[in-house]
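Enquirer: Pasting a structure here, questions to come.
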Amino acid sequence: EAGVTQFPSHSVIEKGQTVTLRCDPISGHDNLYWYRRVMGKEIKFLLHFVKESKQDESGMPNNRFLAERTGGTYSTLKVQPAELEDSGVYFCASSQVVGTGELFFGEGSRLTVL
Amino acid sequence: SQQGEEDPQALSIQEGENATMNCSYKTSINNLQWYRQNSGRGLVHLILIRSNEREKHSGRLRVTLDTSKKSSSLLITASRAADTASYFCATTNQGGKLIFGQGTELSVKP
């Protein structure tokens, strides 16, 4: 069974440009989460999808970040326009059941904004 | 921090030594997990301990959980250079959201 896959693995862009990160969860997992770790700091929650609906987007830093999960399958996280402080690693995770804590993480997408 | 404190923030040891990292959390939990982030990228799940468990082992890893003190520890025995990474504890809230600690940067010198 394929795990959670994320693309791209590394993206280098200039300040003001747009980047779209993609996450393909494990097939059948209704729950999809985005996290990020910025500049060696803690890993912070961004948002949680249940199927195509945003269950919790309390961690989204500002309106430059847009997450979608059309059709309830893969998800995209777009940063527009990117700022220097957006550099970090963006993790996606999925789970079948909420509350057990068993999230399956992807390898992460490293974003570098110059 | 979204969750609590981990200590130490950084730990440097020699290969073969044991490494102990501690984690405290703020709310009641269903379980607590430890993760490792390698080379600034992949997040690897190490071990999960449920709130009704006190100790768990997996290979060279030993995790303890003290719910009365809201704390956990991760012990890595006979460390190797390949254990160099960032280690995080994480708890699950009722909404299923994983909340991570600040992390401990472990450096194992050959």
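For the protein sequence lines, the chains are X and W, in the order given. Going by our numbering, the residue at position 47 of the first sequence is 48; the numbering climbs one at a time, nothing skipped. Going by our numbering, the residue at position 23 of the second sequence is 1305; the numbering climbs one at a time, nothing skipped. We put the beta carbon where it would ideally sit given N, CA and C, even for glycine. It should be emphasised that the depicted structure is a prediction, and the values quoted were computed from it without experimental measurement.
With 9 Å as the limit, tell me which residues of the region 32-47 of chain X have their beta carbon closer than that to any beta carbon of chain A; keep them in chain order.
Expert: Given the protein chain composition of this structure (X and W), no chain A is represented.
Enquirer: Going straight from the alpha carbon of F8(X) to that of T74(X), what length do you get?
Expert: Their Cα atoms are separated by approximately 15 Å.
Enquirer: Beta-carbon within less than 6 Å of S12(X)'s beta-carbon, same chain only, minus the 5 sequence neighbours each way: which residues are those?
Expert: Taken in chain order, the residues that qualify are V20 and L112.
Enquirer: Report back the beta-carbon spacing between R1342(W) and E1297(W) to the nearest angstrom; my notes put them in contact at under 8 Å.
Expert: In fact, because the Cβ distance is near 12 Å, the residues do not count as touching under 8 Å.
Enquirer: Going by beta carbon distance, what residues of the same chain come within less than 7 Å of T6(X), once the five residues before and after it are set aside?
Expert: Contacts found: D25 and G107.
Enquirer: Alpha carbon to alpha carbon, how far is S54(X) from Q97(X)?
Expert: S54(X) and Q97(X): Cα-Cα distance of roughly 15 Å.
Enquirer: Roughly how many angstroms separate the alpha carbons of R23(X) and Y1317(W), rounded to a whole number?
Expert: When rounded, the distance between both Cα atoms is 22 Å.
Enquirer: If the cut-off is 7 Å on Cβ atoms, which residues from the region 48-60 of chain X count as contacting chain W, listed in chain order?
Expert: Listed by position along the chain: H49 and D57.
Enquirer: Is S1306(W) closer than 8 Å to E1287(W) when the C-beta atoms are compared?
Expert: Result yes, Cβ atoms of E1287(W) and S1306(W) sit closer than 8 Å.
Enquirer: With distances taken between CB atoms, is the gap from S1389(W) to S1294(W) smaller than 8 Å?
Expert: In this structure, S1294(W) lies closer than 8 Å to S1389(W) by Cβ.
Enquirer: Quick check on V1345(W): buried or exposed, where buried means 16 or more other Cβ atoms within 10 Å of its Cβ?
Expert: By the neighbour-count rule (16 or more Cβ atoms within 10 Å), V1345(W) is buried.
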